[in-house]
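Novice: The opening residue of the sequence shown carries number 55 in this note's numbering; numbering runs sequentially from there.
The structure is given below, and queries will be raised subsequently.
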Amino acid sequence: MPNEILSFIQQDRVLGVVFGAAVGDALGAGYEFAEPPEPSAVAMRPGTLTGEPAGHWTDDTAMAIGVLRAAATHRSLDTPEAQTAVAQEFLDWYDSHPRDIGLHTRRVFATGSSANSLANGALIVQGHNPDAAGNGSLMRTGPVALCALGDDEQIARTARAVSALTHAHPDAQDACVLWSIAIDRALRLGSLEGPRAGLALLTPPQRVKWEAWIDEAERNDPDTFSPNGYVVSALQAAWSAIWATRNEADHFGAGLRQAIAIGDDTDTVAAIAGALLGARYGLTAIPFAWRQRLAGWPRDIQGIDLVSLAIRAARGEDSDGWPSVRSMAPAYQRFSPRGATYQFAVDEGVIFGDFGALALTSADAYLSLCRIGVDDRKGNHHHIVWLIDQPGNADAARVLADTADAIGELREEGKTVFVHCVRAESRTPTVAMAWLVRRHGYEVERAITEVLDTMSSAAPEKSLLQAVRRLVVDSKHPDSLEVDEE
Numbered sequence: 055m056p057n058e059i060l061s062f063i064q065q066d067r068v069l070g071v072v073f074g075a076a077v078g079d080a081l082g083a084g085y086e087f088a089e090p091p092e093p094s095a096v097a098m099r100p101g102t103l104t105g106e107p108a109g110h111w112t113d114d115t116a117m118a119i120g121v122l123r124a125a126a127t128h129r130s131l132d133t134p135e136a137q138t139a140v141a142q143e144f145l146d147w148y149d150s151h152p153r154d155i156g157l158h159t160r161r162v163f164a165t166g167s168s169a170n171s172l173a174n175g176a177l178i179v180q181g182h183n184p185d186a187a188g189n190g191s192l193m194r195t196g197p198v199a200l201c202a203l204g205d206d207e208q209i210a211r212t213a214r215a216v217s218a219l220t221h222a223h224p225d226a227q228d229a230c231v232l233w234s235i236a237i238d239r240a241l242r243l244g245s246l247e248g249p250r251a252g253l254a255l256l257t258p259p260q261r262v263k264w265e266a267w268i269d270e271a272e273r274n275d276p277d278t279f280s281p282n283g284y285v286v287s288a289l290q291a292a293w294s295a296i297w298a299t300r301n302e303a304d305h306f307g308a309g310l311r312q313a314i315a316i317g318d319d320t321d322t323v324a325a326i327a328g329a330l331l332g333a334r335y336g337l338t339a340i341p342f343a344w345r346q347r348l349a350g351w352p353r354d355i356q357g358i359d360l361v362s363l364a365i366r367a368a369r370g371e372d373s374d375g376w377p378s379v380r381s382m383a384p385a386y387q388r389f390s391p392r393g394a395t396y397q398f399a400v401d402e403g404v405i406f407g408d409f410g411a412l413a414l415t416s417a418d419a420y421l422s423l424c425r426i427g428v429d430d431r432k433g434n435h436h437h438i439v440w441l442i443d444q445p446g447n448a449d450a451a452r453v454l455a456d457t458a459d460a461i462g463e464l465r466e467e468g469k470t471v472f473v474h475c476v477r478a479e480s481r482t483p484t485v486a487m488a489w490l491v492r493r494h495g496y497e498v499e500r501a502i503t504e505v506l507d508t509m510s511s512a513a514p515e516k517s518l519l520q521a522v523r524r525l526v527v528d529s530k531h532p533d534s535l536e537v538d539e540e
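Now the structure itself:
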């Protein structure tokens, strides 16, 4: 399919691939090679091996971002230039002296290969260790499908080439093919065929082996697949966790928790599972509490940068030049944002407004409910909320509730918060309503009335207002997810 016509929900799933893997990685980092937790106990914790703060990703996401940046720049990974760019990203990361790097990957980089010859170095290392088939290329394969959606042959070819930069073993390459095709199906079609979707891309002997391995993953308890450093075991662990939780209402969260509860290489298994779950359920299924602290190498990359990279890789720029455009102000002139802001007596530390007020308002954290340009960003705590002011949201009520809880959590940290869309007409007012309901115990109709009386620009779109009315008064916000900072 032409990536330029990706729907709003498909773009949500594009973001889900990248954020899902990063969140899984960061969650799993707190349990890596430690005592496996119960699924219900999984929370963001400091890395057991890296020592990094809660929310920081490991080598899994650092290397995946290298793939993503090359894809965003070249709009393809199926050329020698793009693959050399990926290799250079990997080498730049290696030169940063990471604390978390797989033994096989370290051996490949230690050959002294250049970006142009990295795959040859991998073959040399493979020749010395012919049975080496670790999970180090599967963990980073999430972005591979994004710039070749709907083209199985190109996805498979690219998955093999990117794997072979460090992991040349046929099992590693096949695993990347199967998972990348599974991501394509989930993203484009909203299905969870999983690794079976790519079996036709394997040789007949390999297909027979992988069919049996997938059968095992679906038949056995997820805990069976530990240890999981071997690429086949890692794929089985991730798919078994997804399969076992497939009937859960919150499949994204349940699947990641189960993946981590397996134990052993928890960050990698959860990163693998998170990429596929994110491809199916999108960014809007990933709680803000799990993604607001995402960080790691490259140190200059923030969550808002992942939005830009993912969309550029999958679709490129839209007619307004987003996400690469310097500012969305020229595009938004036709909507005449007035620079208006609104506050509520219940908590004046939260400021609601329109795009025109973004440049004028000082706050500690910013939540943008619309597209913004590179120069429109404000500070290190600026987050994008994936929401449109018309029917077509994946789950508007969930997004409104999660955004309301995000505001509350930021306020509990002592941060002032600015929330805006283009005109403060539909998205911003409905988020304000949800915030009053979720965080201040308002009855829904009272919240609606107070927002309409306070915000002169408010004219909520029907489907968003219906989503507000589906919210439950819940001042204790039990859907919030704890972050363990100790």
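Backbone N, C-alpha and C fix where the C-beta goes; we use that ideal spot for every residue, glycine too.
1. Quick check on this structure: which residue in 178, 222 and 237 has the alpha carbon closest to the alpha carbon of residue 204?
2. Hey, could you find the ends of the alpha helix (DSSP H) residue 34 is sitting in?
3. Are residue 381 and residue 427 close, meaning C-beta to C-beta below 8 Å?
4. Just the C-alpha distance for residue 162 and residue 118, rounded to the nearest angstrom, thanks.
5. Between which two residues does the beta strand (DSSP E) holding residue 437 run?
6. What alpha helix (DSSP H) runs, 4 residues minimum, are completely inside the region 358-399?
7. Could you spell out the range, first to last residue, of the beta strand (DSSP E) harbouring residue 422?
8. Of the residues 464, 394, 383 and 392, which one's Cα is nearest the Cα of residue 421?
9. Less than 8 Å between the beta carbons of residue 324 and residue 313, yes or no?
10. Less than 8 Å separating the beta-carbons of residue 253 and residue 264?
11. Could you tell me which residues DSSP puts in a beta bridge with residue 284?
12. I'd like the ranges of any alpha helix (DSSP H) spanning at least 4 consecutive residues and lying wholly in the region 259-321.
13. For residue 166, is the classification buried or exposed, using 16 other Cβ atoms within 10 angstroms of its Cβ as the cut-off for buried?
14. Output the residue ranges of the alpha helix (DSSP H) runs that lie fully inside the region 153-199 and measure 4 residues or longer, sorted by chain position.
15. What does residue 473 pair with, by DSSP beta-bridge criteria?
16. What number of angstroms, rounded off, separates the C-alpha of residue 429 from the C-alpha of residue 122?
17. For residue 197, does the count of other Cβ atoms within 10 angstroms reach 16, so buried, or fall short, so exposed?
18. On a Cα-Cα basis, can you pick out the residue from 339, 510, 234 and 354 that is closest to residue 289?
19. Rounded to a whole number of angstroms, what is the C-alpha to C-alpha distance between residue 456 and residue 296?
20. Any idea what DSSP makes of residue 338, helix, strand or coil?
21. Do residue 227 and residue 211 count as a contact pair if the criterion is CB distance below 8 Å?
Specialist: Result, derived from the coordinates:
1. The residue labelled residue 204 in the question sits at position 150 within the sequence shown. Of 178, 222 and 237, the residue nearest in Cα terms is 237.
2. The structure shown does not extend to residue 34, since the chain is modelled only from 55 through 540, so no value can be given for it.
3. Translated into the one-based positions of the sequence shown, residue 381 becomes position 327. Translated into the one-based positions of the sequence shown, residue 427 becomes position 373. Yes. Within cutoff.
4. Position 108 of the sequence shown holds residue 162. Position 64 of the sequence shown holds residue 118. Distance between the alpha carbons of residue 162 and residue 118 is about 17 Å.
5. As a position in the sequence shown, residue 437 is number 383, starting the count at 1. Element bounds for residue 437: 436-438.
6. 383-386
7. Within the sequence shown, the letter at position 368 stands for residue 422. Looking at the DSSP string, the run of the beta strand (DSSP E) that includes residue 422 is 419-422.
8. Position 367 of the sequence shown, counted from the first residue, corresponds to residue 421. Nearest C-alpha to residue 421: 464.
9. For this step, residue 324 is matched to residue 270 along the sequence shown. For this step, residue 313 is matched to residue 259 along the sequence shown. Contact flag set, yes.
10. For the purposes of this step, residue 253 is taken as the residue at position 199 of the sequence shown. For the purposes of this step, residue 264 is taken as the residue at position 210 of the sequence shown. Yes, the Cβ-Cβ distance between residue 253 and residue 264 is below 8 Å.
11. Here residue 284 refers to the residue found at position 230 of the sequence shown. BP columns for residue 284 point to 188.
12. 285-298 and 305-315
13. Locating residue 166 in the sequence shown gives position 112, where the first residue counts as 1. It is exposed - the Cβ of residue 166 has fewer than 16 other Cβ atoms within 10 Å.
14. 157-163 and 172-182
15. Here residue 473 refers to the residue found at position 419 of the sequence shown. Bridge partners of residue 473: 406 and 421.
16. One-based indexing of the sequence shown puts residue 429 at position 375. One-based indexing of the sequence shown puts residue 122 at position 68. Residue 429 and residue 122: Cα-Cα distance of roughly 22 Å.
17. Translated into positions along the sequence shown, residue 197 becomes position 143. Result: buried.
18. Taking the first residue of the sequence shown as 1, we reach residue 289 at position 235. Nearest of 339, 510, 234 and 354 to residue 289, Cα basis: 234.
19. Residue mapping note: residue 456 aligns to position 402 of the sequence shown, counting from 1. Residue mapping note: residue 296 aligns to position 242 of the sequence shown, counting from 1. Roughly 23 Å separates the two Cα atoms.
20. For the purposes of this step, residue 338 is identified with residue 284 of the sequence shown, where counting begins at 1. Of the three classes helix, strand and coil, the one that applies to residue 338 here is helix, per DSSP.
21. In the sequence shown, the residue the question calls residue 211 occupies position 157. In the sequence shown, the residue the question calls residue 227 occupies position 173. No, these two residues do not count as a Cβ contact at 8 Å.
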